[in-house]
Amino acid sequence: MGDIAKVRLVFADSGSFHTEFIEVERTTLEQYDRLIDLLREDPVVTRNNYVDLKRLVTATVLEAGE
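Going letter by letter, the sequence shown gives residues 479 to 544 in my numbering.
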């Protein structure tokens, strides 16, 4: 596996928020102009992670050390 990027996902759930983290390869991340497209379309991401797009509030790629 190559260089890994951590992505923070924040979901709204009945008036409260919760955070999940997923990891994706940076080379895969660079193939998409928008992070949402990676979350919806990339076969490796969709196979390994379930992202409830209706509840997703924000998705952020974290810098090293965050």
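Quick reminder that beta carbons are idealized off the backbone N, C-alpha and C, glycines included.
Presumed contact (8 Å Cβ cut-off) between residue i and residue j, rounded CB distance
i: Leu516; j: Leu507; result: 6 Å
Beta-carbon proximity list for residue i, same chain, < 7 Å, skipping 5 on both sides
i: Asn527; result: Ile500
i: Val529; result: Leu487, Leu517
i: Val523; result: Val502, Leu516, Leu517
i: Asp491; result: Arg533
Beta-carbon proximity of residue i to residue j, cut-off 8 Å
i: Phe489; j: Leu534; result: yes
i: Ala483; j: Arg504; result: yes
Residues near residue i in its chain [Cβ-Cβ closer than 8 Å; skip 5 each side]
i: Phe495; result: Val488, Phe489, Val535
i: Glu519; result: Tyr510
| alpha helix (DSSP H) segments (min. 4 residues) lying fully within the stretch 509-535 | 513-519, 521-526
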